[in-house]
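Data first, discussion second: the structure below is written as structure tokens.
Numbering (mature numbering (1 follows the signal peptide of the UniProt record, and there is no 0)), first residue to last: -19 to -1, 1 to 195.
Pasting the structure below:
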């Protein structure tokens, strides 16, 4: 019996008790008990899921817990950014899992109305790029690049993402500038080198078609 089944049994017991016409105080106390049991189960699920994806395992290791995480979020009163709330962390775990699994539309749905995810423009940019929504993806990458105190590794990742969006928009010259920003930080970056190699044919194709490139 999983954690949520335990909560369901508790709810059934509560309904049986209600049939005996308990006092309002008893009802309130039982509701509080059920809510507390559920929060304990949710917290345990979140802690287990977080531990599972830590280290080298990555988001893919989350797969066995995805149905329970989705169920917990669906039943959450509201996903907020309270310090002691596990729900924002659950939402972020699912977004990263969806992005890695190619479920980009599911990832984007997680951002709807969930302000706790507003601080993760990179995850949104990945999802938008995966969904081929290049203009929105470019805006998200640029927003991520405006954050203060980025590490070099973060800048490399974000400039690469920006370049990918510009390539998707057919703007190879601007993409090259982004890739040069990557190579200025990491001259041996293989992703940037591979993307640079793709740009020359793009320019040639555009020139043959009489299309100006940016």
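For each residue, glycine too, the CB sits at the ideal point set by N, CA and C.
Taking all protein chains shown into account, decide if residue i is buried (16 or more other Cβ within 10 angstroms of its Cβ) or exposed.
{"i": "residue 77", "result": "buried"}
{"i": "residue 118", "result": "buried"}
{"i": "residue 148", "result": "buried"}
{"i": "residue 110", "result": "buried"}
{"i": "residue 35", "result": "exposed"}
{"i": "residue 168", "result": "exposed"}
{"i": "residue 49", "result": "buried"}
{"i": "residue 179", "result": "exposed"}
{"i": "residue 196", "result": "With the chain covering only -19 through 195, there is no way to say anything about residue 196."}
{"i": "residue 51", "result": "exposed"}
{"i": "residue 19", "result": "buried"}
Just to check my reading of the structure: residue i and residue j have Cβ atoms closer than 8 Å, yes? What is that Cβ distance to the nearest angstrom?
{"i": "residue 102", "j": "residue 125", "result": "4 Å"}
{"i": "residue 121", "j": "residue 106", "result": "4 Å"}
{"i": "residue 136", "j": "residue 159", "result": "Contact flag wrong, Cβ pair sits at about 11 Å."}
{"i": "residue 46", "j": "residue 30", "result": "5 Å"}
{"i": "residue 164", "j": "residue 175", "result": "Not a contact, Cβ separation roughly 12 Å."}
{"i": "residue 53", "j": "residue 85", "result": "Their Cβ separation, rounded to whole angstroms, is 22 Å, which puts residue 53 and residue 85 out of contact at 8 Å."}
{"i": "residue 115", "j": "residue 139", "result": "The Cβ separation is near 16 Å, so there is no contact."}
Alpha carbons only, please: which of the options is nearest the one belonging to residue i?
{"i": "residue 43", "options": "139, 170, 106 and 71", "result": "71"}
{"i": "residue 95", "options": "177, 73, 22 and 178", "result": "73"}
{"i": "residue 22", "options": "68, 7 and 9", "result": "68"}
{"i": "residue 170", "options": "34, 6, 53 and 134", "result": "134"}
{"i": "residue 132", "options": "38, 97, 166 and 161", "result": "166"}
{"i": "residue 152", "options": "85, 139 and 184", "result": "184"}
{"i": "residue 39", "options": "16, 4, 19 and 75", "result": "75"}
{"i": "residue 41", "options": "79, 114 and 150", "result": "79"}
{"i": "residue 55", "options": "90, 32, 33 and 65", "result": "90"}
{"i": "residue 81", "options": "177, 6 and 104", "result": "104"}
For a test of the three-state rule: what should DSSP assign to residue i, helix, strand or coil?
{"i": "residue 84", "result": "coil"}
{"i": "residue 126", "result": "helix"}
{"i": "residue 114", "result": "coil"}
{"i": "residue 102", "result": "helix"}
{"i": "residue 169", "result": "coil"}
{"i": "residue 52", "result": "helix"}
{"i": "residue 133", "result": "helix"}
{"i": "residue 67", "result": "coil"}
{"i": "residue 45", "result": "helix"}
{"i": "residue 150", "result": "coil"}
{"i": "residue 31", "result": "helix"}
Among the residues of its own chain, which have a CB less than 8 Å from the CB of residue i, if the five just before and after it don't count?
{"i": "residue 83", "result": "111"}
Enumerate in chain order the residues of its own chain whose CB-to-CB distance from residue i is below 6 Å, with the five nearest sequence positions on each side excluded.
{"i": "residue 156", "result": "144, 147 and 148"}
Once you ignore the five residues that flank residue i on each side, which residues in its own chain have a CB closer than 7 Å to its CB?
{"i": "residue 141", "result": "163, 172 and 173"}
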